[in-house]
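Read through the structure below, which is laid out as structure tokens, and then see the notes.
Residue numbers (my numbering), protein chains in the order written: chain W, 1 to 276; chain H, 1001 to 1276.
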């Protein structure tokens, strides 16, 4: 790819403004998943509708996305509304439809931050191998979007190709991995929002088998700002994901996204539909 | 309170339907917090707008609430819309306003569950004292809503009255407590949604001091059904809460709600504004 070409993530989140707060957009083949686009690309697209809005206040604090129906390759209509703007916080409702039907819905908090006392209770994993010392994941049956990430699993899974070989269940579904955009791209809120959905469904790891599944809703909390993200640039981030409970057709998983220097950039949670 | 009287939670979540999916509601003095109502009561009220809706499909899987502005004691106008109904899942948007301005917003997934393989990766705490062997929390400066819960802290905090006595910071903010409605009330999705917000702001515990704060958004995942909740009745539930990251004016906390028998009923996360 020549240096001057647009990064595929920027193509995937591109918005064509048709009126204030109203946009059209399209899926991008680089972020295709088994059915419709990768959820992370959808999260980034919807967040971008608020990021690009002239009434935006400050930077993203949280995002909740509802994946209401499969998104097709037809045009996507997006409406972004700042439903309440206070002195330092702003609440957003962002809705996406195709052919007049809701396909995704997103709410978000933006805010002006002030410097305060800060601390992190979660511990950064100790004794990690550096990204250069971990092999990139390589597997046959990968959906296209996984080629947009450099994924280097430190623990939790080595190859998805072996799933289905009648492997025994694992006692939990924790994974750690180094991850960055592929090709490399300077980190910003859009790419961080997308990376929050890059963790494989925990049920694959827990049960060591393929399971029909789909994320129904994703919530991410951002503990950073644009300046910090820009300083990270295209360095690898560390992700750590775990499962919580799997029960009668749905499970939830939680994850952390850290800078290599041990700053917790985001915490993210999702609930996933599964079928036996 | 005579046996025949309505429970204060039922009074707090009562809806007066004015048109399909449109309701009016009111705050209840029993759930008053320092400013406006307890967030858990608001979460339960908004969830109830979907629970009572004639187009509801199945039972709640997730709920995200945005606390957009302080709710006053004036009438609350609520609109509940099933924005997308699929074969077995349904996505909701529920908006609350006062005097034409949004004060809260909620999204939710409802679904029909089927019996499947199930498992829990999170471990239930071992060697817990039973609720009868833990003293109910007693403190002077308690907001009224805390009297609607029987709160028995096993660890993490003994008394909020001592906060502000120049105590040293703690290394983390984990708490465990037994909790049930006061007066006792049979558990259902509305009361579980409210209990998901019953954990004190982690920053109070972490810093051992009062801090001006307010939850901006809360997400809860429900791993149960009405039948299981009815069987629990008014028994105590075990809550375990922890802080994640506190950074420049916002922090996030996560919690689990368990039955006394060790079933994980809900996982819940929130991001909280704070000021120094």
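Beta carbons are placed, not taken as given, at the ideal position from N, Cα and C, and that holds for glycine.
A residue is called buried once 16 or more other Cβ atoms fall within 10 Å of its Cβ, and residue 6 of chain W, having fewer, is exposed.
A check of alpha carbon separations from residue 219 of chain W across H:1042, H:1062, H:1029 identifies H:1062 as the nearest.
Contact of residue 40 of chain W with chain H is not assigned, every C-beta pair being separated by 8 Å or more. Straight through space, the alpha carbons of residue 1065 of chain H and residue 160 of chain W are spaced by roughly 36 Å. Taking each of H:1100, H:1024, H:1270 in turn and checking the Cα distance to residue 1012 of chain H, the smallest one comes out for H:1024. Within chain W, 105 have C-beta atoms less than 7 Å from the C-beta of residue 1093 of chain H, given in sequence order. If one requires a minimum length of 3 residues, the beta strand (DSSP E) runs lying completely within the stretch 93 to 157 of chain W are 101 to 111, 149 to 155, in chain order. Judged by DSSP in its simplified three-state form, residue 1012 of chain H adopts helix. For the set W:249, W:225, W:215, W:267, the Cα lying nearest the Cα of residue 240 of chain W is the one of W:267. Taking 7 Å as the upper bound on Cβ-Cβ separation, chain H lies near residues 242, 243, 244, 245, 246, 247, 248 of the stretch 237 to 248 of chain W. For residue 220 of chain W, no CB of chain H lies under 8 Å from its own CB, so it is not counted at the interface with that chain. Taken through DSSP and simplified to helix, strand or coil, residue 33 of chain W comes out as coil. For the C-beta of residue 1264 of chain H, the chain W residues within less than 9 Å are, from N- to C-terminus, 244, 245, 247. For residue 1046 of chain H, there is no enclosing beta strand (DSSP E); the enclosing alpha helix (DSSP H) has its first and last residue at 1039 to 1051. The residue from W:165, W:32, W:36 with its alpha-carbon nearest to that of residue 144 of chain W is W:32.
Per the C-alpha coordinates, the member of H:1053, H:1272, H:1124, H:1128 positioned closest to residue 1203 of chain H is H:1272. Residue 1117 of chain H belongs to the set of residues whose beta carbon lies under 8 Å from a beta carbon in chain W. Nearest Cα to residue 107 of chain W within the set W:96, W:171, W:101, W:245: W:96. No Cβ-Cβ contact shorter than 8 Å links residue 43 of chain W with residue 94 of chain W.
For residue 259 of chain W, the secondary structure class from DSSP, reduced to helix, strand or coil, is strand. Across the stretch 73 to 92 of chain W, CB contacts with chain H closer than 7 Å involve 83, 84, 86, 89, 91, in sequence order along the chain. Neighbourhood of residue 62 of chain W in chain H, by CB distance below 8 Å: 1216, 1217, 1271, in chain order.
Neighbours of residue 59 of chain W across chain H, judged by C-beta separation under 8 Å, do not exist; the nearest C-beta is about 10 Å away. Of the other Cβ atoms in all chains shown, fewer than 16 fall within 10 Å of the Cβ of residue 112 of chain W; this residue is therefore exposed. One Cα belongs to residue 1028 of chain H, the other to residue 1098 of chain H, and the distance between them is close to 15 Å. Taking a Cβ-Cβ cut-off of 9 Å, the neighbours of residue 1113 of chain H in chain W comprise 247, 248, 249, 250, given in sequence order.
Taking the beta carbon of residue 1109 of chain H as reference, the chain W residues within 8 Å of it are 66, 216, 217, 271, listed in sequence order. Beta-carbon to beta-carbon, residue 1249 of chain H and residue 116 of chain W are separated by about 5 Å, close enough to satisfy the 8 Å threshold. Taking the CA atoms as reference points, residue 54 of chain W sits about 32 Å from residue 1090 of chain H. Note on residue 1016 of chain H: under 16 other CB atoms within 10 angstroms of its CB, so exposed under the neighbour-count rule. A Cβ-Cβ contact shorter than 8 Å links residue 265 of chain W with residue 192 of chain W. Cβ neighbours of residue 276 of chain W within its own chain (closer than 8 Å, five residues either side excluded): 211. The C-beta of residue 1027 of chain H comes no closer than 8 Å to any C-beta of chain W. Within chain W, the residues 119, 121 have their CB atoms less than 9 Å from the CB of residue 1206 of chain H, given in chain order.
Assigned with DSSP and collapsed to three states, residue 1252 of chain H falls in strand.
8 Å or more divides the Cβ of residue 1162 of chain H from the Cβ of residue 1030 of chain H.
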